[in-house]
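Please read the structure below before turning to the comments.
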Amino acid sequence: MIGLDRWSPNPFGDGQNSAYCLLRLFEYKKMKKPELLFTALLVPLDWIFLILAGIFAYAVRFHPKMAEIRPIIFELPFNEYLEIILYVATFWIVIFALSGLYLIRSRRSIVSEIISVGLACSTGLLFVILYIFWSREFFSSRFIVITAYAAAILFVSYGRIIIRLIQRRLYKRGIGLHNILLIGNSSIGQRIADEYKLNTSLGYNLVEHIHEPQRDILDYVKNMSKREKLDDILYIDNQKLPSKRVTELANWAGLNNIAFHFSSDYLQLPRAGVDIVSVSGIPIMEFKKTT
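For the sequence shown, numbering that gives the first Met the number 0 assigns the number 0 to the initial residue and increments by one for each residue that follows.
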């Protein structure tokens, strides 16, 4: 059984008024085929752009104009340098994976993705510096190292922006959309529902908006799932149903590999292990799945 108490001692509060400013997301995501395809493409694309970043740094350093400004007083054959770049790029891909860059996250913003790429590249640079220090090998050009690092952030970010733009273009055409059920009646819930209807580039297809959930909501959702394939459930108002009913719904969703999102009091939200996205100007906190 999947428990909600893994995120906070009392995830639905003690009857306190919700600020309705943040939506807490408790998610067990089922990937669609387009998502799997784009995630698989990111790995070789990142690797290629890392190699191109290294080649770019080498070309800049050995360009005649740069050589006039900073004379070249070392020898670094391109074949030898390329071999180093291949090893470093492969190692950085491992770092990217450990940093979560190949996890499917709910509608991650481009800005947050660029930040994550920068952090992962910084971690890779740190390991490169530590290797040079521990092996007591003096790399011929610090300029190449710094330039390759900056170019890696730019090139990898550019590749990921292209992938995300293509993905959003497919969303607009109805390809790869997540079927989402919205439960709860509030101004924020209506704003989100309207946004999902108008802006399919968010990646969601609103199946139904249940304004007034009843105590038998779980049975209703079970019957609906037999008619409509559900990928996500977004529960807005945590005051309309007893927490026990919402917990049962969340557990059922998790067992059926359906992402469950629910609102939570701002003051009760944990600060660690979250991603923040925005829907119609409303900040939404997505809690990462843990083991």
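We put the beta carbon where it would ideally sit given N, CA and C, even for glycine. If you're wondering where the values come from, they're calculated on a predicted model, not measured in any experiment.
Using the beta-carbon count (16 or more within 10 Å), is residue i buried or exposed?
{"i": "S140", "result": "buried"}
{"i": "A192", "result": "buried"}
{"i": "T89", "result": "exposed"}
{"i": "W133", "result": "exposed"}
{"i": "P63", "result": "exposed"}
{"i": "L125", "result": "exposed"}
{"i": "L22", "result": "Annotation note: pLDDT 38 at L22 (below 50); position unreliable, no value reported."}
{"i": "S186", "result": "exposed"}
{"i": "A66", "result": "exposed"}
{"i": "D218", "result": "exposed"}
{"i": "I68", "result": "exposed"}
{"i": "G253", "result": "buried"}
Please report the Cβ distance between residue i and residue j, rounded to the nearest whole angstrom; I am assuming they are in contact, meaning their Cβ atoms lie under 8 Å.
{"i": "L169", "j": "V206", "result": "Contact doesn't hold; Cβ gap of about 19 Å is too wide."}
{"i": "L97", "j": "I50", "result": "Incorrect: roughly 20 Å between the Cβ atoms, too far for contact."}
{"i": "G123", "j": "I94", "result": "5 Å"}
{"i": "P76", "j": "G175", "result": "Rounded, the Cβ-Cβ distance is 46 Å, inconsistent with contact."}
Of the choices the options, whose alpha-carbon is the least far from that of residue i?
{"i": "G202", "options": "H210, H177, K196", "result": "H177"}
{"i": "I92", "options": "R190, E112, A119, L81", "result": "A119"}
{"i": "E247", "options": "E34, L229, K221", "result": "K221"}
{"i": "V245", "options": "F73, K171, R190, G183", "result": "G183"}
{"i": "D215", "options": "K228, Y130, P241, Y195", "result": "P241"}
{"i": "F142", "options": "E34, F73, N250, Q213", "result": "F73"}
{"i": "S156", "options": "I114, T146, I131", "result": "I114"}
{"i": "W46", "options": "M223, A151, E112, W251", "result": "A151"}
{"i": "L229", "options": "S121, L100, A258", "result": "A258"}
{"i": "I83", "options": "G99, E112, L102, V127", "result": "V127"}
Ignore the nearest five residues each way along the sequence and tell me which others in residue i's own chain have a CB closer than 8 Å to its CB.
{"i": "I162", "result": "F37, L40, L41, L44"}
{"i": "L153", "result": "A52"}
Apart from the five residues just before and just after residue i, which ones in its own chain have a Cβ nearer than 6 Å to its Cβ?
{"i": "G188", "result": "I235"}
{"i": "K171", "result": "T199, S200"}
{"i": "R344", "result": "There is no way to answer for residue 344, as the model of the chain reaches only from 0 to 290."}
{"i": "I209", "result": "I182"}
Leaving aside the five residues before and after residue i along the sequence, list all residues of the same chain whose C-beta is less than 7 Å from its C-beta, in chain order.
{"i": "E227", "result": "N178, V206"}
{"i": "V59", "result": "M65, T146"}
Could you tell me which whole beta strand (DSSP E) segments of length 3 or greater appear in the segment 194-253? If we require 3 residues or more, the beta strand (DSSP E) runs fully inside the segment 194-253 come out as 203-209, 231-234.
Scan the segment 61-125 and note each continuous beta strand (DSSP E) run of 3 residues or more that stays entirely inside, going in chain order. none
Ranges of the alpha helix (DSSP H) found wholly within the segment 127-173, counting only runs of at least 4: 141-171
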